[in-house]
Amino acid sequence: MTKLVYFAWVRERIGKPEEELALPAGVLTVADLARWLAGRGEEYAYAFENPDIVRAAIDKKHVKPDTPVAGAREIAFFPPMTGG
Amino acid sequence: MSGAVVPFVDIRAEDFDVSAEIARLTSGRADIGAVVTFVGLCRDEGGTLAALELEHYPGMAEDEIARVAAEAVRRWPLTGVTAIHRYGRIAPGGNIVLVVTASAHRAAAFAAGEFLMDYLKTRAPFWKKEHRVDGTSGDWVEAKAEDDAAADRWAARQG
Chain A
342 MTKLVYFAWV RERIGKPEEE LALPAGVLTV ADLARWLAGR GEEYAYAFEN PDIVRAAIDK
402 KHVKPDTPVA GAREIAFFPP MTGG
Chain B
22 MSGAVVPFVD IRAEDFDVSA EIARLTSGRA DIGAVVTFVG LCRDEGGTLA ALELEHYPGM
82 AEDEIARVAA EAVRRWPLTG VTAIHRYGRI APGGNIVLVV TASAHRAAAF AAGEFLMDYL
142 KTRAPFWKKE HRVDGTSGDW VEAKAEDDAA ADRWAARQG
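As given, the protein sequences belong to chains A and B, one line each in that order.
Everything in the first sequence is counted per my numbering, starting at 342 for the first residue and increasing by one.
Everything in the second sequence is counted per my numbering, starting at 22 for the first residue and increasing by one.
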């Protein structure tokens, strides 16, 4: 099982802040995971309707779409940051 | 410079006291010639904004700001650096973020402060949601391309 956490409008669209999911064997990268999530229902499809915008972190470090998800304990998806 | 500079990073709901944070970097020493402070505040957006709600990713927010602060210490001869970022509901006029940089001379303090803010805006996992005075929950603030550009320009130069 992998812990997924969501923030800001990604969290609002999916409708939950976090969940534990068993990732299927074909999900190798962050981009694969986003695509797989987008197919899990309309709330997920809405969150990932523009997958190029959504950012990701693995174990609290920024990652790129082609980063492998193997071994990840916590994977986060969120919009571009607007702090400061 | 004597000894390693350890950045002070704090992610919290509570407000900060700028004078106290300057004193944290300067008290008891006489080798500092320049302290630069930057305070980011919540605007009222022409009277339409009731408050900003700042969401953050606990743990990662601290890590990313600490990473950026450590990079500032590597690039400039700083005697001290502080970064405080608030989360939660912040009303117009309220403080959001504080960066304090101290150095023997002003050039390093100015540059490091600007570097910290530019990187913090694009790397630190915070998101702002608008609450409007008409009672509606407004939009999530959109990231600006010029913020990315401001951060990118530091990659091309050394300090």
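All residues carry an ideal CB built from backbone N, CA and C; glycine is no exception.
DSSP assignment within the segment 79–127 of chain B yields the following whole alpha helix (DSSP H) runs of 4 residues or more, N-terminal first: 81–96. Taking a C-beta distance under 8 Å as the contact criterion, Ile-86 of chain B and Val-30 of chain B qualify as a contact pair. When secondary structure is reduced to three states using DSSP, Phe-136 of chain B falls in the helix class.
In the three-state DSSP reduction, Thr-47 of chain B falls in the helix class (H, G or I). When C-alpha distances from Asp-139 of chain B are compared across B:Thr-103, B:Arg-174 and B:Ala-82, the shortest belongs to B:Arg-174. The alpha carbon of Arg-88 of chain B has as its nearest neighbour, out of B:Thr-143, B:Ser-124 and B:Ala-177, the alpha carbon of B:Thr-143.
With respect to the C-alpha of Thr-100 of chain B, the residue from B:Gly-68, B:Leu-141 and B:Val-57 having the closest C-alpha is B:Val-57. Residue pairing of Leu-378 of chain A in beta bridges, as defined by DSSP: absent, with no partner found. Judged by DSSP in its simplified three-state form, Lys-402 of chain A adopts strand. If you check the CB distance, Leu-141 of chain B and Glu-42 of chain B do not come in under 8 Å. The beta carbon of Gly-356 of chain A sits no closer than 8 Å to any beta carbon of chain B.
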